[in-house]
Amino acid sequence: MKTINVKINGENYTREINEDMRLLDFIRDELKLYGTKEGCGEGECGACTVIMDGVTVNSCMVMAFQANNKEILTIEGMEDEKGLHPIQQAFLDEGAVQCGFCIPGMVLSAKALLDKNPKPSRKEIKEGISGNLCRCTGYNKIVDSIEKASQYLEGEDQ
Amino acid sequence: MKKNLEVVGKSVIRVDGFSKVTGKATYSQDLTMDNMLWGKTLRSTKPHANIKLNLTKAEVIPGVVRILTYKDVPHNHHGVVFKDHEVLSSGRVRSIGTPIAFVVAETEKIAVEAMKAIEVEYQELEAVFDPVEAMKEDAPKVHENGNLLYHYKLRLGDVDAAFKECAVIVENQYKTSMVDHAFLQPEAGIAYLEEDMVVVCAATQYPHFDQLEIAEALEVPTEKVKVLNPAVGGAFGGREDITMQIHLALASKLTGRPVKTVYSREESFVAHSKRHPMIMSYKTGADKNGKLIAMEAKIVGDTGAYASWAINVLRKAGVHATGPYEIPNVKVDSYAVYTNNPFAGAMRGFGATQTPIGHEQQMDMLAEKLNMNPLEIRFLNALKKGSKTATGQILEESFPLKECLEVLEKAFKKDAKGVE
Chain Z
1 MKTINVKING ENYTREINED MRLLDFIRDE LKLYGTKEGC GEGECGACTV IMDGVTVNSC
61 MVMAFQANNK EILTIEGMED EKGLHPIQQA FLDEGAVQCG FCIPGMVLSA KALLDKNPKP
121 SRKEIKEGIS GNLCRCTGYN KIVDSIEKAS QYLEGEDQ
Chain R
1 MKKNLEVVGK SVIRVDGFSK VTGKATYSQD LTMDNMLWGK TLRSTKPHAN IKLNLTKAEV
61 IPGVVRILTY KDVPHNHHGV VFKDHEVLSS GRVRSIGTPI AFVVAETEKI AVEAMKAIEV
121 EYQELEAVFD PVEAMKEDAP KVHENGNLLY HYKLRLGDVD AAFKECAVIV ENQYKTSMVD
181 HAFLQPEAGI AYLEEDMVVV CAATQYPHFD QLEIAEALEV PTEKVKVLNP AVGGAFGGRE
241 DITMQIHLAL ASKLTGRPVK TVYSREESFV AHSKRHPMIM SYKTGADKNG KLIAMEAKIV
301 GDTGAYASWA INVLRKAGVH ATGPYEIPNV KVDSYAVYTN NPFAGAMRGF GATQTPIGHE
361 QQMDMLAEKL NMNPLEIRFL NALKKGSKTA TGQILEESFP LKECLEVLEK AFKKDAKGVE
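Sequences listed follow chains Z and R, in order.
In this text, residue positions in the first sequence follow the numbering used here: the first is 1, and each later residue adds one.
In this text, residue positions in the second sequence follow the numbering used here: the first is 1, and each later residue adds one.
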């Protein structure tokens, strides 16, 4: 057993965990945050994407103890008191959501991209979500929605 | 009276969109219950074998509650058309991935450990993996009644006479491969009891039919089985056949406790159907102006170890073998054949996806031989409103293939200009 301190979605958690626990299982089974999904368990599909210290990681490929003293954002931390995050709103408005299983990871990859590059080109958007598989949409509407999210965020800043 | 439409013609936000962008949508792996057990499926690692099981070492592992085998299944058959799947193998496995036992334990880890502790003695049998080989008399039989499951015949006019009239004939064989749906959410489910009713929550495309199959396997009336379908993370045809639903229902009924199982991606690949690989032999002939006169096609579809939707899929492949073209003389034979490969079933297009690989390549090669533009030969032969298809259907509704081709023509011209 090992004790870890993690800040997730702005809240501090101290937990005793098994050394062989993945960050994904910590988030889902320990903290009951079921928005983070497991699609492959080997870092290929991106459904389990979370943002750790500003960088996207596949939480199935990170051990829980490696998240000690880190700050993590999951899909549950995207909304605030005003409601949906502009990226979430853009996904809704553009009809980028079908089965939805990739969406939490996709939204977080979009956030990590827009945080660094507020006005990405379509090519940069495609690169930004290249670690996230979607089997329903064909990606076009997801790329459209990230473009729209960039406009929403620009409008918010002004 | 003109009605005001609330949705048609308008862009609306999908009903489950909000729950999905916020991560609140519940998929079956997100369900947990108090006092819940975990199930794991032991699957065949050999494509064709007689098996003997020894549960002794697995049963004594602390935390193992029960190991289900075929002996626990009241009616050990299921299947969407033919009941050729066993819920759990009764002694002979016909493909890799065939379910053999379902281990129920206090935790997922214990269930996995116990699954690995089950000893399976495989007495391997000769297997067949090529559907053309499987059609031969002396091929190993996958099922007792032989490997040919279905033969669809389409006959129109007189192809033999018509080929003699052709100015040009193209003859080729085309093969398509097995494809997995790879829906993003691996299979998961949970079953529990509500008094004497068993409730199964699983990602499925066919909840009403699952209810029938569960009831039949458990030998209980359908009103004692409830199937709930939480959010489904993609399917594309791959969730039309039963995977875990009966295992879970039975485990819950026999233990009296909720039972959950989640497949890994790897297990998902061997557990559900595939797109039928097809071997398509095409012979197509036209006159000197490019007008199609005759077409002959033989299509062999590999349905693997189980029938699933093979009949419907190979029928559809046969019906669509001409492509969207008017041909006066047609002969099509399509076959669904059992092999020891993973089983094939429904996947987007349902048999109509494979044949264009054949009929469209034939069109291109005919155009090349006739020194015609590939679009021109398609315009010339395209079905239109009022046409009769090879199966005798008169197309009374719209059939805007020419309009589609015109859009393509414009795009090609634009592309060509871009290159200049």
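Where is the CB? At the ideal position from N, CA and C, for every residue including glycine.
Bear in mind the structure is a predicted one, so any value in this text is a computation, not a measurement.
Interface flag, residue 123 of chain R vs chain Z, CB-CB below 8 Å: Here residue 123 of chain R corresponds to residue number 123 of the second sequence, with the count starting at 1. It does not: the Cβ of residue 123 of chain R has no partner Cβ on chain Z nearer than 8 Å.
Contact between the region 228-242 of chain R and the region 186-206 of chain R (3+ Cβ pairs under 8 Å): yes
Residues near residue 125 of chain Z by beta carbon distance below 6 Å, same chain, minus five either side: Along the first sequence, one-based indexing puts residue 125 of chain Z at 125. Cβ within range, chain order: 143 and 146.
Length of the line joining the Cα atoms of residue 420 of chain R and residue 414 of chain R: Working through the second sequence from its first residue, we reach residue 420 of chain R at position 420. Working through the second sequence from its first residue, we reach residue 414 of chain R at position 414. Unreliable positioning characterises residue 420 of chain R in this predicted model, as indicated by a pLDDT of 41, which lies under 50. The coordinate reading is nonetheless provided below. Answer to the nearest angstrom: the Cα atoms are 10 Å apart.
Amino acids of chain R, ordered along the chain, whose beta-carbon sits closer than 8 Å to that of residue 135 of chain Z: Taking the first sequence and counting its residues from 1, the one referred to as residue 135 of chain Z is at position 135. Those within 8 Å of residue 135 of chain Z in chain R are 181, 182, 183, 184, 234 and 236.
Beta-carbon proximity of residue 17 of chain Z to residue 112 of chain Z, cut-off 8 Å: Reading the first sequence from its first residue, position 17 is the one you call residue 17 of chain Z. Reading the first sequence from its first residue, position 112 is the one you call residue 112 of chain Z. Not in contact: residue 17 of chain Z and residue 112 of chain Z (Cβ atoms no closer than 8 Å).
Nearest-angstrom Cα separation, counted from residue 74 of chain Z out to residue 117 of chain Z: For this step, residue 117 of chain Z is matched to residue 117 along the first sequence. For this step, residue 74 of chain Z is matched to residue 74 along the first sequence. Take the alpha-carbon of residue 117 of chain Z and the one of residue 74 of chain Z: they are about 20 Å apart.
Own chain, CB closer than 7 Å to residue 398 of chain R, minus 5 neighbours either side, in chain order: Reading the second sequence from its first residue, position 398 is the one you call residue 398 of chain R. Same-chain partners within the cutoff: 385.
Chain Z contact for residue 14 of chain R (CB, 8 Å cutoff): Within the second sequence, the letter at position 14 stands for residue 14 of chain R. Chain Z contact via Cβ: present.
Integer-rounded CB distance, given that residue 97 of chain R should sit under 8 Å from residue 43 of chain R: Reading the second sequence from its first residue, position 43 is the one you call residue 43 of chain R. Reading the second sequence from its first residue, position 97 is the one you call residue 97 of chain R. Residue 43 of chain R to residue 97 of chain R, Cβ: 5 Å. Contact.
Proximity test, Cβ basis, 8 Å: residue 97 of chain R and chain Z: Against the second sequence, residue 97 of chain R aligns to sequence position 97. For residue 97 of chain R, the answer is no, since every Cβ of chain Z falls outside 8 Å of its Cβ.
Where the beta strand (DSSP E) through residue 66 of chain R begins and ends: Here residue 66 of chain R is taken as the residue at index 66 of the second sequence, counted from 1. Where residue 66 of chain R is concerned, the enclosing beta strand (DSSP E) stretches over 64-68.
Beta-carbon spacing of residue 51 of chain R, residue 114 of chain R below 8 Å: Position 51 of the second sequence holds residue 51 of chain R. Position 114 of the second sequence holds residue 114 of chain R. Result no, Cβ atoms of residue 51 of chain R and residue 114 of chain R do not sit closer than 8 Å.
Partners in chain R for residue 76 of chain Z, counting only beta-carbon separations shorter than 9 Å: Start at 1 with the first residue of the first sequence, and residue 76 of chain Z comes out as number 76. By Cβ distance, chain R contributes 22, 23 and 24.
Proximal residues of chain Z, C-beta to C-beta of residue 17 of chain R below 7 Å: What you label residue 17 of chain R is simply residue 17 of the second sequence in a count that begins at 1. Within chain Z, the residues near residue 17 of chain R are 92 and 97.
Exposure label - residue 343 of chain R; buried when at least 16 CB within 10 Å: The count along the second sequence starts at 1 and reaches residue 343 of chain R at position 343. Its Cβ being crowded by 16 or more others within 10 Å, residue 343 of chain R is buried.
Residue 325 of chain R at chain Z interface by Cβ criterion, 8 Å: As a working mapping, residue 325 of chain R is identified with position 325 in the second sequence. No, residue 325 of chain R does not count as interfacial toward chain Z.
Below-8 Å beta-carbon distance, residue 88 of chain Z vs any chain R residue: For the purposes of this step, residue 88 of chain Z is taken as residue 88 along the first sequence, with counting starting at 1. Yes, residue 88 of chain Z lies at the interface with chain R (some Cβ there is under 8 Å from its Cβ).
Cβ neighbours of residue 372 of chain R in the same chain (closer than 7 Å, five flanking residues each side left out): Position 372 of the second sequence, counted from the first residue, corresponds to residue 372 of chain R. The answer, listed in chain order, is 290.
Classification of residue 158 of chain R by the beta-carbon crowding that lies within 10 angstroms, buried from 16 upward: Along the second sequence, read from residue 1 onward, the residue named residue 158 of chain R stands at position 158. By the neighbour-count rule (16 or more Cβ atoms within 10 Å), residue 158 of chain R is not buried but exposed.
Distance between residue 296 of chain R and residue 176 of chain R (C-alpha atoms, nearest Å): For the purposes of this step, residue 176 of chain R is identified with residue 176 of the second sequence, where counting begins at 1. For the purposes of this step, residue 296 of chain R is identified with residue 296 of the second sequence, where counting begins at 1. When the Cα atoms are used, residue 176 of chain R and residue 296 of chain R turn out to be separated by approximately 18 Å.
Chain R contact for residue 104 of chain Z (CB, 8 Å cutoff): As a working mapping, residue 104 of chain Z is identified with position 104 in the first sequence. By this cut-off, residue 104 of chain Z is an interface position.
Residue 264 of chain R: contacting residues in chain Z (beta-carbon distance under 8 Å): Taking the second sequence and counting its residues from 1, one reaches residue 264 of chain R at position 264. Chain Z residues near residue 264 of chain R: 41.
Those residues which DSSP pairs with residue 92 of chain R across a bridge: In the second sequence, counting from the first residue as 1, residue 92 of chain R sits at position 92. Note: residue 92 of chain R sits in a beta bridge opposite R:50.
Minimum C-alpha distance to residue 246 of chain R - residue among R:47, R:72, R:355 and R:32: Translated into the one-based positions of the second sequence, residue 246 of chain R becomes position 246. Checking every option, the nearest Cα to that of residue 246 of chain R belongs to R:72.
Stretch-stretch touch, CB-based, cutoff 8 Å, three pairs: the region 2-10 of chain R with the region 13-27 of chain Z: no
Run of the beta strand (DSSP E) containing residue 252 of chain R, from where it starts to where it stops: Within the second sequence, numbered from 1, the residue matching residue 252 of chain R stands at position 252. It is not in any beta strand (DSSP E) - residue 252 of chain R instead sits in the alpha helix (DSSP H) that spans 245-255.
8 Å contact criterion, which residue 58 of chain Z and residue 46 of chain Z should meet: CB distance rounded: Within the first sequence, residue 58 of chain Z is the residue found at index 58, counting from 1. Within the first sequence, residue 46 of chain Z is the residue found at index 46, counting from 1. Contact flag correct, Cβ pair sits at about 6 Å.
Collapsed DSSP secondary structure at residue 272 of chain R in the structure displayed: Taking the first residue of the second sequence as 1, we reach residue 272 of chain R at position 272. Note: residue 272 of chain R maps to coil in three-state DSSP.
Residue-level contact to chain A via CB, residue 27 of chain R, 8 Å cutoff: Checking the listed chains, one finds no chain A in this structure; the protein chains it contains are Z and R.
Three-state secondary structure (DSSP) of residue 318 of chain R: Here residue 318 of chain R corresponds to residue number 318 of the second sequence, with the count starting at 1. In this structure, residue 318 of chain R counts as helix in the three-state DSSP scheme.
Meets three-Cβ-pair contact criterion under 8 Å: the region 264-274 of chain R and the region 179-186 of chain R: Because the criterion of three Cβ pairs below 8 Å is met, the region 264-274 of chain R and the region 179-186 of chain R touch.
Any chain Z beta carbon closer than 8 Å to residue 30 of chain R: As a first step, residue 30 of chain R must be located in the second sequence, where it is residue number 30. At least one chain Z Cβ lies under 8 Å of residue 30 of chain R.
Chain R contact for residue 138 of chain Z (CB, 8 Å cutoff): On the first sequence, residue 138 of chain Z is found 138 positions in, with the first residue counted as 1. Residue 138 of chain Z does not count as touching chain R.
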